[in-house]
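Reviewing the structure listed below.
Chains as they are written, first to last, in my numbering: chain Y, 296 to 1162; chain X, 42 to 153.
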């Protein structure tokens, strides 16, 4: 307290120090006048008083302003210097700002994804259970309700096992009909998660029994948006897909759990047939791992249970391998490699920026050697000079720190999409005080590092200038070799990511996305109950939409390609004995125009047609991957499959066509095996209901959204139309994460390359200036100007080569850690390494050659007289 | 030298604080007069050295200053003890007493 109070007073008085002097003078004059009138002798009074000037000075000293004054002078001096050399100041400040701002932003992201506690009580206890497959690496797959029941009744290591499932629902009857991302959960779910309702209550035991499950919990955001934050919403009846539900509670703000959905939560109510099911896998399981129970213990129990299930249910669970993973780990695991990579990249850039600023400061200090020597000779203390140089770094730090805040703010916005979906709702990347303190720390660290070294070296070299030069060049050479090495590391990483990104963009998704518009249009449940009605409804809408001018095709399908990486079901092919784990295919329902609308090519047979309806023979179209897997070497046409495993007696379906593969699992993954059914023949398979309307337009699909929405509403005013998106945008989201990664890395790498070349440029310019006399002598002794250039460039090449060797060795050693970030490019891709080497060599040559040209212009006579 | 050898070093602050504690609000000259009279002229202060000392007390926040009219209608800067100043005076006096007693014990062993 006292310390800060003193400083506050010191600065407050310092600001009006002019007044301070006059006041002191007046005060002393008053004293003397009084004394004089008392003793009637001025000389006496003066004698008793002492030396006024000295006393005034001592009074000022009491306030300790000398330091402040000289600091201000240093700052003014520094700013004047920066104004005189704007290139120096702007390069130093902007490179530090990019490195520090980028570093702060990436640290913030890493902190949010990897470390910030999740917004649930005791978040470390929360654990997820997935049902993996013994054969495939799909260890984070959904589980079946039957398996959940079995686990709930037998697991000892996890407590409060609960299930939940993302779903969708139509909210009608209150204003505009609306399609909402919803979720269903067991009655104990919220108890396990441990949060408290914002309003009302959560589910009670027994509310997840069919018939007693007409209760709903609203998300805070939905409550705000749709119900005007009305506290009397509790007890109100709302219509969800035409069924009445009673509102019993409101969730706390930003509540999400593992997936980015859940505007409405209803109980997961299933009859005995649901709870018996072990093959339809569509739910998530979560529980709490009590303190003292290790993850290994949980996994050991799950391994034992998996073995038991494999044994007890050979039909459904032959491949079951249950996996436990903590919620935090699951949320972060897909981003971990990417985050570590970005952190490493930004740290490399930071090192380069520091070394560059240090080298800039050093050059400046040496260039100002004469000035500093004069000041030293005039009596400035060595410490005072070091302080002056240090002030310069500090001013740089403050400026760079301020600018880096702007960089960080922009970068954070760019990085926001890298927050994993399950955390996005409650994780906004913002500049908070922790970030600011990280930032201040970084700025100070960088400038201390880059400022102190030259500051001491300068003071040092003033006395030992002759040898100082040699040391100095070696130091700078080492710094530049380091910069080159780091730049190569960054360039290699950036090139690999760039190749990955272009490879991804060149991947043919299997359909033609340009001009395609998609939207979600879920029919109310009542329509689903009557298949004929449902089909007629789709036909009416499609007819109306196709009538919109500019629309050349329209179809309904289960999903927009690549957006639903699920919907796999078991099938049985006639006359084939299929290997376990190879019997499920992605099942999609479509209306007849689907393949034409999306531009999926027909390979063999025929497409689904208007004639395939509820009354005709059951047909399906499969993709090439499926045809190849099930009927290798023969035609799939005319072959028969049925849904479910061999034991079920579902009706046979005839394959009538084979179409091209579609990369439904994402652009980076090969096409899965897919079966397409006419929606009219499978009205009961509601989980893959054709909820998406896909429309082919001539160009810029976004322009058609309103016309198409109107067309849909003309058929059914209460039909919800949501998520209207041009498909190219949907696909861009697929690659968004990699695009951001790539953009940031390329930005870092080009900054790094620029800085390394700048350093090289500086080194050579300096060398030319320093060796002027020597070069002049060589010239006088008969060397040609070109030989001089070669000599100077050679000294730069030495450091570049040394840096390059280290850099490439490190890149070759480290790039394999990037493997999971890459697509269709090997970590040691020779083309990438070659391109980096070429780029580096050419820029390095330019950076050396530009200043080296000056060696040509040296006049021997002049050079010898120089200095 | 700031102080005549008569004044033990470091004690000027305490003397000023003590004077202000007695006088209430007072200007520099008044403090000088008070010190002179109270010490019966024994303590010889170089009067000007009051002013740097007063600045130090201002910095520490032990006194505050304001310009006022004197009885003879002249403008003078009056100093007043702050709450912190009163606390500091008590502490300094306690410390002074301790040192004083110790010195007395050494110089006149029989008197203690």
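Yeah, the Cβ is synthetic: ideal placement off N, Cα and C, and Gly gets one too.
As the structure is a prediction and not an experimental result, all values here were calculated from the model.
Item                                                                                                                          : Value
Which of helix, strand or coil DSSP assigns to residue 839 of chain Y                                                         : helix
Straight-line gap, residue 1041 of chain Y to residue 859 of chain Y (C-alpha atoms, nearest Å)                               : 31 angstroms
Where residue 359 of chain Y sits in the DSSP three-state scheme                                                              : coil
Cβ neighbour criterion (16 or more within 10 Å) applied to residue 445 of chain Y                                             : buried
Residue span of the beta strand (DSSP E) that contains residue 813 of chain Y, given as start and end                         : 811-815
Outcome for residue 140 of chain X when other beta-carbon atoms lying within 10 angstroms are tallied against a minimum of 16 : exposed
Classification of residue 853 of chain Y by the beta-carbon crowding that lies within 10 angstroms, buried from 16 upward     : buried
With 16 other Cβ atoms within 10 Å as the buried cut-off, status of residue 838 of chain Y                                    : exposed
CB contact check: residue 347 of chain Y to chain X, cutoff 9 angstroms                                                       : yes
Between the CA atoms of residue 680 of chain Y and residue 761 of chain Y - distance to the nearest angstrom                  : Caution applies to residue 761 of chain Y, whose pLDDT of 37 falls short of 50 and renders its modelled position unreliable; the model cannot decide the point.
Per-residue burial, residue 403 of chain Y [other beta carbons within 10 Å of its own, 16 or more giving buried]              : buried
Residue 882 of chain Y and residue 969 of chain Y closer than 9 angstroms at C-beta                                           : yes
Three or more C-beta pairs below 8 angstroms linking the stretch 674-689 of chain Y and the stretch 409-427 of chain Y        : no
Endpoints, the beta strand (DSSP E) within which residue 864 of chain Y is located                                            : 863-868
Opposing strand residues paired with residue 302 of chain Y [DSSP bridges]                                                    : Looking at the DSSP assignment, residue 302 of chain Y forms no beta bridge with any residue, so it has no partner.
Where residue 102 of chain X meets chain Y, residues with beta-carbon distance less than 8 angstroms                          : 297, 300, 301 and 304
Burial state of residue 563 of chain Y, where buried means 16 or more other Cβ atoms lie within 10 Å                          : buried
Residue 305 of chain Y versus residue 371 of chain Y - alpha carbon distance                                                  : 20 angstroms
Proximity test, Cβ basis, 9 angstroms: residue 362 of chain Y and chain X                                                     : no
DSSP beta-bridge partners of residue 426 of chain Y                                                                           : Y:617
Length at least 4, wholly inside the stretch 70-142 of chain X: the alpha helix (DSSP H) runs in chain order                  : 91-101
Cβ pair residue 942 of chain Y, residue 610 of chain Y closer than 9 angstroms                                                : yes
Anticipated Cβ contact below 8 angstroms, residue 909 of chain Y with residue 975 of chain Y, distance rounded                : 5 angstroms
Contact set between residue 96 of chain X and chain Y, taken where Cβ atoms lie within less than 7 angstroms                  : 354, 357 and 358
Members of the stretch 672-692 of chain Y near chain X, C-beta cut-off 9 angstroms                                            : none
Segment limits, alpha helix (DSSP H) that includes residue 807 of chain Y                                                     : Counting along the chain, residue 807 of chain Y falls outside any alpha helix (DSSP H), and DSSP gives it neither H nor E.
Within 8 angstroms of chain X by C-beta, residues of the stretch 309-324 of chain Y in sequence order                         : 318, 319, 321, 322 and 323
DSSP-derived helix/strand/coil call for residue 1124 of chain Y                                                               : coil
Within 9 angstroms, strictly: CB atoms of residue 885 of chain Y and residue 1007 of chain Y                                  : no
Inter-residue Cα distance where the pair is residue 43 of chain X and residue 347 of chain Y                                  : In this prediction, residue 43 of chain X scores a pLDDT of 38, lower than 50, which makes its location untrustworthy; no coordinate-derived value is stated.
Local conformation of residue 382 of chain Y per DSSP, three classes                                                          : helix
Partner residues on chain X for residue 338 of chain Y, Cβ-Cβ distance less than 9 angstroms                                  : Per Cβ cutoff of 9 angstroms: no residues; residue 338 of chain Y is ~14 angstroms from chain X at best.
DSSP-derived helix/strand/coil call for residue 629 of chain Y                                                                : helix
Extent of the continuous alpha helix (DSSP H) run through residue 971 of chain Y                                              : Here residue 971 of chain Y belongs to no alpha helix (DSSP H); instead the beta strand (DSSP E) covers 969-973.
Local Cβ density within 10 Å of residue 1110 of chain Y, reported as buried at 16 or more and exposed below that              : buried
Alpha helix (DSSP H) segment containing residue 1023 of chain Y, residue limits                                               : 1022-1065
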